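Trainee: Pasting a structure below so you can have a look.
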């Protein structure tokens, strides 16, 4: 019995820290903002604010009392009044976020136009290769599983490697391929 309780607590702790890579602000009035706090508490010091529909990175989420709080960060080229390129990382109540697990990421803090197509239970599917046809449309992708803890959500500008000459573009192609695959599945 003790073994089962220990396993349940360990699994709950892991699941509690399982966070999406990205979030957008929801359930905030159009003329209002979501406050970013220094600590995961509505009583903590306000350090920034994010408007409705803002797109942000999510680092980790945890339960505090009856609420779930997520540590968030600014994503390159997604600047908002009160939350721009120099915004500090901070905490927001998760009930004001809609979560996503598809987009550009930094792997171990390094930018290389890496793209994730989904995450589940602390493991994400990172696109490591793809093949295109003569029209430069993706016809197949290869993914590898990678721990969510090694990833940080970013934009197509922020994920660009230092050697890059512009910004990452493969994400839209990957999304188009996945949408086409999904449509074919539904049409069967």
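Residue numbers (the numbering used here): 19 to 206.
All C-beta atoms, glycine included, are put in the ideal place defined by N, C-alpha and C.
Note that the structure is predicted; figures quoted are calculated from it, not measured.
1. Less than 9 Å between the beta carbons of residue 45 and residue 89, yes or no?
2. Just tell me which of 57, 92, 66, 58 has its CA closest to the CA of residue 51.
3. Can you pull the DSSP bridge partners for residue 53?
4. Any idea what DSSP makes of residue 93, helix, strand or coil?
5. Can you tell me whether DSSP reads residue 167 as helix, strand or coil?
6. Under 8 Å by Cβ, that's how I've got residue 195 and residue 159 pegged, so tell me the actual separation to the nearest angstrom.
7. Below 8 Å on the Cβ atoms is my contact criterion, and I expect residue 179 with residue 93 to pass it. Report the Cβ-Cβ distance as a whole number of Å.
8. Output the boundary residues of the alpha helix (DSSP H) element that contains residue 198.
9. My output table needs one value for residue 34: the three-state DSSP class, helix, strand or coil.
10. Just to confirm my understanding: we take residue 135, look at its own chain, exclude 5 residues before and 5 after, and list those with CB closer than 7 Å. What are they?
11. Buried or exposed, going by whether 16 or more other CB atoms sit within 10 Å of the CB of residue 84?
12. Could you spell out where the beta strand (DSSP E) holding residue 75 opens and where it closes?
Mentor: With the given structure in hand:
1. no
2. 66
3. 67
4. coil
5. helix
6. 6 Å
7. Their Cβ separation, rounded to whole angstroms, is 17 Å, which puts residue 179 and residue 93 out of contact at 8 Å.
8. 188-205
9. Residue placement at residue 34 is flagged as unreliable, the pLDDT there being 43, under the threshold of 50; the coordinate-derived value follows with that caveat. Correct three-state label for residue 34: helix.
10. 120, 143, 145, 161, 192, 196
11. exposed
12. 73-82
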